[in-house]
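K.L.:
Before we start, here is the structure in question, set down as structure tokens.
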Amino acid sequence: MSRLTRWLAALAALALLVMVLAITVDVVRANVFHRPIKGVFDLVSTLLVLVVFLGIPQTFLTQGNVTVDLIDRFLGRRGVAVFRAIAGLLTVVFLGLLFWHMFLPALDTYQFDDRKPDLDLPIWMIWVPVLLGTGLALLAVIVVIARELRTRGGEGGRP
Amino acid sequence: MSVQSIGLIGMGVLVLMIFLRVPVAISMGLVGLCGYAAVAGWDRAVRVLGQVPFDVASGYDLSVVPMFVLMGELATRSGMSAKLYNAARAFFVGFRGAQALATLGACAAFGAVCGSSLATAATMTRIAIPQMRRLGYDDRLSTGAVAAGGSLGILIPPSIPLVIYAIIAEQSVAKLFAAGMIPGLVLTALYMLMVVAVLIWKPGWAPTDPGMSWRERFAALGSIWSIAILFGVAIGGLYAGWFTPTEAAAIGAFGAWGLGALGRGLSLKQTWAAFTDTIRTTCMLFMIVICAVIFSYFVVQTQLPDLLVSWMRTIELGPVGLMLIIIAFYVVMGCFLDGFGMILITVPVFLPLIVQSGWDPIWFGVILVVVIELGLIHPPVGMNIFVIQAQVPDVPVLKIYQGIIPFLVAPFLLLGLLLAFPDIALWLPQTLFPPR
Chain A
437 MSRLTRWLAA LAALALLVMV LAITVDVVRA NVFHRPIKGV FDLVSTLLVL VVFLGIPQTF
497 LTQGNVTVDL IDRFLGRRGV AVFRAIAGLL TVVFLGLLFW HMFLPALDTY QFDDRKPDLD
557 LPIWMIWVPV LLGTGLALLA VIVVIARELR TRGGEGGRP
Chain B
212 MSVQSIGLIG MGVLVLMIFL RVPVAISMGL VGLCGYAAVA GWDRAVRVLG QVPFDVASGY
272 DLSVVPMFVL MGELATRSGM SAKLYNAARA FFVGFRGAQA LATLGACAAF GAVCGSSLAT
332 AATMTRIAIP QMRRLGYDDR LSTGAVAAGG SLGILIPPSI PLVIYAIIAE QSVAKLFAAG
392 MIPGLVLTAL YMLMVVAVLI WKPGWAPTDP GMSWRERFAA LGSIWSIAIL FGVAIGGLYA
452 GWFTPTEAAA IGAFGAWGLG ALGRGLSLKQ TWAAFTDTIR TTCMLFMIVI CAVIFSYFVV
512 QTQLPDLLVS WMRTIELGPV GLMLIIIAFY VVMGCFLDGF GMILITVPVF LPLIVQSGWD
572 PIWFGVILVV VIELGLIHPP VGMNIFVIQA QVPDVPVLKI YQGIIPFLVA PFLLLGLLLA
632 FPDIALWLPQ TLFPPR
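Here the protein sequences come in this chain order: A and B. The first sequence begins at 437 in my numbering and counts up one residue at a time. The second sequence begins at 212 in my numbering and counts up one residue at a time.
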């Protein structure tokens with residue numbers, strides 16, 4: 437799992453690199469040669485989807501989301517574990533609902549054959565990384581919860 | 212049940228969830244979804260849920276976020292901070308506490324290429340604290356100066372919190388970046404005054420400066436031309452209207468990489484690390500923004516902002532009184548919440564009220580960033596303090612807390628100045644971008 441999410445995050449980094457280069461080249465061409473690149477606007481907004489959604493499985497796997505841990509000092513280790521488990525379950529619920537309810541708008545863009553105006557790119561294609569990233573993020577949270585339960589179980593089993 | 216009651220319950224549940232360790236983004240997303248469903252029905256709520264993430268992540272304007280983060284990450288790794296520190300020292304040769312003053316100057320200058328406080332504090336800790344320790348500075352002064360200086364990273368443009376505020380408040384990034392500039396310089400000067408004041412009170416905390424020859428001074432100043440050009444082109448170009456914020460961010464990131472690579476400060480490995488760290492930060496920020504947008508759909512439906520406006524009218528609080536209450540609220544919230552969460556949860560609720568009472572939303576963006584800065588350096592959370600402590604683990608946190616106390620005065624002074632003279636923030640954007 438972690439290898440897959442790392443690879444996807446690397447793809448997201450590549451998308452960011454292409455975004456920076458495309459805009460820089462476009463600015464230079466537009467200002468110096470008065471010939472901007474057609475479709476940069478579409479390209480950048482498409483690449484941003486890749487940057488965000490190919491990166492989020494890794495964020496969830498490494499638990500990189502902002503969490504306020506003020507109560508930790510008042511709870512024991514056990515208490516923290518309980519609250520982490522609850523937070524994990526709520527995250528699963530949210531990502532699950534998100535994943536499920538994304539299919540409808542994605543299908544709409546396929547049925548109506550919506551396209552990016554300048555690049556003529558079918559929008560359903562951009563939905564693919566969105567669904568992939570969200571689905572894998574959901575899986576990543578489940579993996580994290582399972583891993584924590586296993587280590588907890590292991591600890592509990594020792595005398 | 213009235214929609215306002217549902218709104219208030221939603222707010223309460225949100226705060227509770229955040230304190231019970233549910234990630235800020237997930238808390239906002241779930242409360243937003245369920246609250247919206249309670250007001251407008253489940254079908255409409257899930258339609259918003261399914262569509263918002265795609266809309267947010269495919270918004271061209273939002274591409275400034277990863278590119279400005281990348282610019283800061285590359286600048287952090289390229290050895291710029293050491294050059295800036297030496298150049299800033301050239302200005303304060305011979306003063307008692309020259310290194311502490313130079314740290315603040317270098318932080319301000321680094322803030323001009325980096326939009327993150329934590330990154331500024333982290334890179335300056337590595338450069339400045341070992342130098343100050345070698346010269347016999349008290350740890351309280353050196354860590355306090357770095358923590359305070361680090362916070363300048365988000366006020367002096369580029370600034371990630373100002374970009375996030377621009378998105379949620381639907382304001383111009385260019386105007387906000389112009390508005391942050393002069394308050395950032397004023398705050399730098401105020402922090403420097405605090406160093407001088409501390410050294411009058413405790414002269415033993417810093418030795419006299421060992422000095423620098425004129426030759427060294429000119430060499431140090433000469434070494435930062437490239438950083439000045441980077442800021443001049445990226446942010447200057449934005450001010451001059453040559454670029455959109457997205458273009459400025461791309462030019463800035465490309466320039467930071469080019470300067471790092473040419474100056475041999477950036478290896479391929481470090482460049483890659485800058486990219487992957489940027490992806491991590493970007494995803495974390497986008498999760499929060501996506502969920503905040505879902506949450507703001509709910510807030511609008513609850514009419515809570517209208518309720519707040521009419522309530523404020525009945526108690527007849529003037530605009531200054533209102534702003535003092537809001538600032539006090541943020542200072543208290545800043546003790547517990549992180550800055551981005553704070554902006555995203557509260558701005559949709561407060562902004563209509565603030566605009567109604569006559570305050571400029573651009574000016575308010577600057578006020579917000581100053582209170583976030585305070586939250587970054589004041590106990591108990593104070594992320595900058597933890598960033599520093601992680602790198603100099605032999606300095607107890609309590610000592611850093613003691614060191615930061617005098618510096619806490621400066622942001623409060625700045626808030627007072629901004630309230631009394633809003634033009635400190637508004638003059639530059641009004642001059643650069645006059646209303647047509």
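Using N, Cα and C, we set each Cβ at its ideal position, and we do this for glycine too. All of these numbers come straight from a predicted model, not from anything done at the bench.
Mind checking which residues open and close the alpha helix (DSSP H) that includes B/Phe321?
P.N.:
Taken as a continuous stretch (DSSP letters only), the alpha helix (DSSP H) holding B/Phe321 covers Ala309 to Gly322.
K.L.:
Buried or exposed: which applies to A/Lys474, given that a residue is buried once 16 or more other Cβ atoms fall within 10 Å of its Cβ?
P.N.:
Looking at its Cβ environment, which holds fewer than 16 other Cβ atoms inside 10 Å, A/Lys474 is exposed.
K.L.:
Just mark B/Lys294 as buried or exposed, buried being the case when its beta carbon has 16 or more other beta carbons within 10 Å.
P.N.:
Answer is buried; the Cβ neighbour count reaches 16.
K.L.:
Within the 8 Å Cβ cut-off, does B/Glu284 reach chain A?
P.N.:
Not one chain A Cβ lies under 8 Å of B/Glu284.
K.L.:
Can you tell me whether B/Pro368 is helix, strand or coil according to DSSP?
P.N.:
Correct three-state label for B/Pro368: coil.
K.L.:
Let me see if you follow: with CB-CB separation under 8 Å, is A/His470 close to chain B or not?
P.N.:
Chain B, which has no Cβ nearer than 8 Å to the Cβ of A/His470, makes this no.
K.L.:
By Cβ distance, which residues of its chain are closer than 7 Å to B/Leu563, with the 5 residues on each side in sequence left out?
P.N.:
In the sequence on display, residue 563 of chain B carries Pro and not Leu. Only Pro516 and Val520 meet the Cβ criterion.
K.L.:
For A/Pro558, name the three-state secondary structure that DSSP assigns.
P.N.:
Strand, per DSSP.
K.L.:
Between B/Arg491 and chain A, is any beta-carbon pair separated by less than 8 Å?
P.N.:
With 8 Å as the cut-off, B/Arg491 counts as an interface residue toward chain A.
K.L.:
Just checking: is the beta-carbon of B/Cys494 within a distance shorter than 8 Å of some beta-carbon in chain A?
P.N.:
It does; some Cβ of chain A falls within 8 Å.
K.L.:
Which of the three DSSP states is assigned to B/Arg647 in this structure?
P.N.:
Coil, per DSSP.
K.L.:
Using a beta-carbon distance cut-off of less than 8 Å, what residues from the segment 557-578 of chain A approach chain B?
P.N.:
So the list reads Ile562, Trp563, Val566 and Thr570, given in the order they occur along the chain.
K.L.:
Let me see if you follow: with CB-CB separation under 8 Å, is A/Thr532 close to chain B or not?
P.N.:
A small correction: the amino acid at residue 532 of chain A is Gly; Thr does not occupy that position in the sequence shown. By this cut-off, A/Gly532 is not an interface position.
K.L.:
Quick check: the Cα distance between A/Leu525 and A/Thr503, rounded to an integer number of angstroms?
P.N.:
One C-alpha to the other measures close to 15 Å.
K.L.:
Residues of the segment 534-563 of chain B in Cβ contact with chain A at a cutoff of 8 Å, in chain order, please.
P.N.:
If the cut-off is 8 Å between Cβ atoms, the segment 534-563 of chain B has Phe547, Leu548, Asp549, Phe551 and Gly552 near chain A.
K.L.:
Would you tell me roughly how many angstroms separate the C-alpha atoms of B/Ala264 and B/Ile501, rounded to the nearest one?
P.N.:
Residue 264 of chain B is actually Pro in this sequence, not Ala. Roughly 6 Å between the two C-alpha positions.
K.L.:
Any beta carbon of chain A sitting closer than 8 Å to that of B/Thr487?
P.N.:
B/Thr487 counts as touching chain A.
K.L.:
Return the residue from the list B/Glu458, B/Arg307, B/Ala311 and B/Ala323 that minimises the CA-CA distance to B/Met291.
P.N.:
Nearest C-alpha to B/Met291: B/Ala323.
K.L.:
Give the residues of chain B in contact with A/Val488, contact being defined as C-beta atoms less than 7 Å apart.
P.N.:
Ala268, Thr493, Cys494 and Phe497, listed in chain order.
K.L.:
Say the cut is 7 Å; is the CB of A/Thr587 nearer than that to a heavy atom of the ligand ADP?
P.N.:
Judged by which ligands are present, the structure shown has none, so any question about the ligand ADP falls away.
K.L.:
Excluding the five sequence neighbours on either side, which residues of its own chain have a C-beta within less than 7 Å of the C-beta of B/Ala301, listed in chain order?
P.N.:
If we look at B/Ala301 and ignore the five residues flanking it on each side, its Cβ neighbours are Met423, Arg428, Ala431 and Leu432.
K.L.:
Out of curiosity, what's the CA-to-CA distance linking B/Phe306 and B/Met222?
P.N.:
Rounded to whole angstroms, B/Phe306 to B/Met222 spans 51 Å at the Cα level.
K.L.:
Put B/Arg351 into one of helix, strand or coil per three-state DSSP.
P.N.:
It is helical.
K.L.:
Taking B/Phe279 and B/Pro421 to be in contact with their CB atoms under 8 Å, please state how far apart those CB atoms are, rounded to whole angstroms.
P.N.:
Contact flag wrong, Cβ pair sits at about 37 Å.
K.L.:
State the Cα-Cα distance for the pair B/Asn297 and B/Val259, rounded to the nearest angstrom.
P.N.:
Roughly 52 Å between the two C-alpha positions.
K.L.:
So within the segment 488-541 of chain A, which uninterrupted alpha helix (DSSP H) runs reach at least 4 residues, ignoring any that extend past its ends?
P.N.:
Runs found: none.
K.L.:
For chain A, is any of its Cβ atoms less than 8 Å away from the one on B/Arg232?
P.N.:
By this cut-off, B/Arg232 is an interface position.
K.L.:
For the segment 508-520 of chain A, which residues have a beta carbon sitting closer than 7 Å to at least one beta carbon of chain B?
P.N.:
Per Cβ criterion, the list reads Phe519 and Arg520.
K.L.:
Just how far apart, CA to CA, sit A/Trp443 and A/Thr495?
P.N.:
Approximately 13 Å, taken between the alpha carbons.
K.L.:
So, under 8 Å CB-CB, A/Pro553 and A/Leu486 are touching, yes? Tell me the CB distance rounded to an integer number of Å.
P.N.:
That belief does not hold up - the Cβ atoms of A/Pro553 and A/Leu486 are roughly 19 Å apart, past 8 Å.
K.L.:
Can you pull the chain B neighbours of A/Phe477, defined as C-beta to C-beta under 9 Å?
P.N.:
Near A/Phe477 (Cβ distances below 9 Å), the residues of chain B are Tyr271.
K.L.:
Would you identify the three-state DSSP class for A/Gly593, choosing helix, strand or coil?
P.N.:
For A/Gly593, the predicted model reports a pLDDT of 38, less than 50, meaning its position is unreliable; a value from the coordinates is still stated below. DSSP places A/Gly593 in helix when its eight states are reduced to three.
K.L.:
By the DSSP assignment, the alpha helix (DSSP H) with A/Leu457 in it spans what residues?
P.N.:
Per DSSP, A/Leu457 belongs to the alpha helix (DSSP H) from Ser438 to Val464.
K.L.:
Candidates B/Gly463, B/Gly246 and B/Met594: which alpha carbon is nearest A/Leu453's?
P.N.:
Of B/Gly463, B/Gly246 and B/Met594, the residue nearest in Cα terms is B/Gly463.
K.L.:
With DSSP run on the structure shown, which of helix, strand or coil describes B/Arg209?
P.N.:
What is shown of chain B runs 212 to 647, which leaves residue 209 of chain B out entirely.
K.L.:
Classify A/Arg551 as helix, strand or coil using the three-state DSSP reduction.
P.N.:
Reduced to three states, the DSSP call for A/Arg551 is strand.
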